[in-house]
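Take a look at the structure set out below.
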RNA sequence: GGAGGAGUGGCCGAGUGGUCUAAGGCAGCGGUUUUGAAAACCGCCGAGGGUGCAAGCCCUCCGAAGGUUCGAAUCCUUUCUCCUCCGCCA
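Residue numbers (our numbering): 404 to 837.
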C-alpha cells in the first residue's frame, strides 16, 4: 500500500510513476486527492470536539461527588449533545478512513525509477544468460512425453481425482521432486544463510491482504469453506509461501540489528488460475497445485535493491548447480506484479518449445507490503520504528525445475540424466526406462 | 464438537463506571556516587495519528469489532487467540 500522506503531498509525481505501469493504474488514484484533504479537515474537527468532551467529563467527575445535583443534571443534558456530535464526527471519519484505505489497497506499487519502460512482456530486458542450449542429435520431446515414457508423470489419473491442471508423480518422478526440495533447502540454509521455515498452508484473508493478493485478486485463490458459506473467517490455501512467511513478522517491530533476515520455506502452492484457459494446457507448467521453495528477506529500505541482486543470485545458484541453461530478464514497468517495485524473472530453457520459460520471479516490494502488514524495525535501540522492505523469490518452482531436467537432460534412448549435484539426493545418476 | 477460564505497555502484574493523565515491579537507557564494578538513589523508558521550524501541545489505542452512558480497561453483545477438562482424531 502506498503512503497516503506521501500521495497527498506528491499527487502528480505519484500519478506519473503509476502511469509507467498503465493508464488504469494512474486512474485508480484519481479520487485520492479529494478524500485525503477532506480527511485532514475532519480529523481536525473531530479531535477538537474530543478534547472538549474529555475536559468536560473530568469536571463531571468532580461535580458528581459534590452536593449540587441540579447543576450536574443540567450539565449532563448539555454534554449529551456534545457527545452525540463527537460520535457523528467519529463515524464520518471512520467512513472516510475506510474509503481512503479501500482506494489505496487497490493501487499498485510504484515502479522503481531503475525499472525499464514498457507495457508488455515484449518490453522486458534480458540482463544475462547462463550456459547455452544443448544440441541434440534427435528431436527433443516435450516433458509430458518424456515423463509418460518413463512412467513418472501421470495426468490422466490426476484428472480422475481432481480434474484438469493436476498431476501425479510416480516412482522416480516423486523421488526427483523430493530430491529437488531437499537440495534447494540445503543450499539455501547451509550456504546462503537462510533460516528454514515450515509455515501453515492455510491462512486468513488478513495475511493475503498484507502481501497484496487481497482484496484485488480473490479470483486467483482457493478459498475454503466450513459449515457456513458466508463465514468471514474462512481460510485460503496459500498461492505462494511468500504469504505466510512475509506475514510472520506482521504487526511486529524488529530489532534493526537483526536485519537482514532471510527465510526459506518449502510449501505447496495453490492457484485457481482463473482466466488462464488456453495457456499451457498440457504438462506441468501451469497447475492448480505445485511445489515451490521460496526465499523471503526483510531488509532496511536503503538496501532493497542490493538485497534483490543477492536474493536473485541465490535463486540462480540453484540452476547453476543443476547445470541448467537459463537467462535473467528484468520486467518492464508495465509487466510488474501488483505489489512489486522491481522484478527479475529467471527463465529456463525448454528445448521442446525452443523457448525460455519462467522458473523464478524475484522481487523487491520496498515498503509496500510492510505498510499493509505493519512490518517495522527499529534502526537504533531508541529510534522510531520504520517500515522494513520485503523481498521474495522462488528458488525454485519445483515442478518447473523437474520439467527443465526432463527436457534439457533427455537422452536419445529415452532416459534422463540426473545433474551431478542432485545425485546424492536422488540416489542414482539417471532415470531409466521402466 | 461440548463445558469452563483467561487476554492490560518489551516482560510480569494491579485495576469491577469518574484526576486511568493505567499503580507497582523486572528488563533497558541516562545520571549521581565509586579507582572500576556492584549496590543505593534520581530521571527517562509503547504504538499510530494531527499540529508546529522546534520544544511541545492535542487525539486514538487495555486482543478485535459494535453497543450502553455525560463519562468505559471496567457493564452488555459479537468475534479472535490462548489455557484446562470432555469427546473425536494422527
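Ideal Cβ positions, reconstructed from N, Cα and C, are used throughout, including at glycine.
Please give me, in chain order, every unbroken run of the beta strand (DSSP E) with length at least 3 that falls completely inside the segment 664-724. 664-673, 692-702
Please report how far the alpha carbon of residue 558 lies from the alpha carbon of residue 571, in whole angstroms. 6 Å
Given residue 763 as reference, the closest of 754, 735, 796 once Cα atoms are compared: Measuring from the Cα of residue 763, the nearest candidate turns out to be 796.
Between residue 598 and residue 660, which are expected to be in contact by the criterion C-beta below 8 Å, what is the C-beta distance as a whole number of angstroms? Their Cβ separation, rounded to whole angstroms, is 16 Å, which puts residue 598 and residue 660 out of contact at 8 Å.
Do residue 585 and residue 687 come within 7 Å of each other at the CB atom, strictly closer than that value? no
Check whether the Cβ atoms of residue 715 and residue 741 sit closer than 7 Å, and answer yes or no. no
Give the secondary structure of residue 829 by DSSP, where H, G and I count as helix, E and B as strand, and everything else as coil. Looking at residue 829 - three-state DSSP - the assignment turns out to be helix.
For residue 779, I'd like the list of residues in its chain whose CB is within less than 8 Å of its CB, leaving aside the five on either flank, ordered along the chain. 655, 656, 657, 773, 788, 789, 790, 791
With a Cβ-Cβ cutoff of 7 Å, do residue 817 and residue 551 count as a contact? no
Could you check the C-alpha separation between residue 416 and residue 744 for me, to the nearest Å? 16 Å
Uninterrupted alpha helix (DSSP H) stretches inside the segment 608-632 (no shorter than 4 residues): 608-614
In the structure shown, what three-state DSSP assignment does residue 813 receive? The answer is strand: DSSP assigns residue 813 an E or B state.
For residue 606, is the classification buried or exposed, using 16 other Cβ atoms within 10 angstroms of its Cβ as the cut-off for buried? Counting Cβ neighbours within 10 Å, residue 606 comes out buried, since at least 16 surround it.
In three-state DSSP terms, what is residue 760? strand
The ligand MG and residue 690: does any heavy atom of the ligand fall closer than 6 Å to the residue's C-beta? No copy of the ligand MG occurs in the structure displayed, which carries no ligand at all.
So residue 751 and residue 734 are supposed to be a Cβ contact under 8 Å. How far apart are they, rounded? The pair is not a contact, with the Cβ atoms about 17 Å apart (cut-off 8 Å).
Taking DSSP's pairing of strands, which residues face residue 639 in a bridge? 606, 626
In angstroms with no decimal places, state the Cα-to-Cα distance between residue 704 and residue 766. 13 Å
Do you know offhand how far residue 499's Cα is from residue 493's? Residue 499 and residue 493 have their alpha carbons spaced roughly 10 Å apart.
Is it the case that the Cβ atoms of residue 503 and residue 432 are separated by a distance below 7 Å? Cβ distance not < 7 Å, so residue 503 and residue 432 don't count as in contact.
Looking at residue 649: is its Cβ nearer than 7 Å to the Cβ of residue 699? yes
First and last residue of the uninterrupted beta strand (DSSP E) at residue 733: 729-733
Residue 423 beta carbon less than 7 Å from that of residue 736: yes
Taking residue 697 and residue 621 to be in contact with their CB atoms under 8 Å, please state how far apart those CB atoms are, rounded to whole angstroms. Between residue 621 and residue 697 the Cβ distance is about 21 Å, and since that is not below 8 Å, they are no contact.
Just how far apart, CA to CA, sit residue 604 and residue 478? 57 Å
Verify whether the separation of the beta carbon atoms of residue 718 and residue 798 is less than 7 Å. yes
Same chain only: Cβ atoms within 6 Å of residue 722, ignoring 5 sequence neighbours per side: 729
Do residue 549 and residue 809 come within 7 Å of each other at the CB atom, strictly closer than that value? yes
Nearest-angstrom Cα separation, counted from residue 673 out to residue 739: 21 Å
Determine, using beta carbons only, whether residue 489 and residue 456 come nearer to each other than 7 Å. Using a Cβ distance threshold of 7 Å, residue 489 and residue 456 count as a contacting pair.
Residue environment, residue 458, which counts as buried when at least 16 other CB atoms sit within 10 Å: exposed
In chain order, what residues of the same chain have a beta carbon less than 7 Å from the beta carbon of residue 420, not counting five sequence neighbours either side? So the list reads 513, 514, once near-sequence residues are dropped.
Neighbourhood of residue 619 by C-beta, 8 Å cutoff - its chain only, sequence neighbours within 5 removed: 508, 509, 741
Once the 5 residues before and after residue 449 are set aside, which same chain residues still bring their CB inside 7 Å of it? Close CB contacts of residue 449 within its chain, under the 7 Å cut and outside five residues either way in sequence, are with 492, 493, 496 (chain order).
Mind checking which residues open and close the beta strand (DSSP E) that includes residue 751? 745-753
Measure the beta-carbon distance from residue 527 to residue 806 and round it to whole angstroms, keeping in mind my assumption that it falls under 8 Å. Contact doesn't hold; Cβ gap of about 21 Å is too wide.
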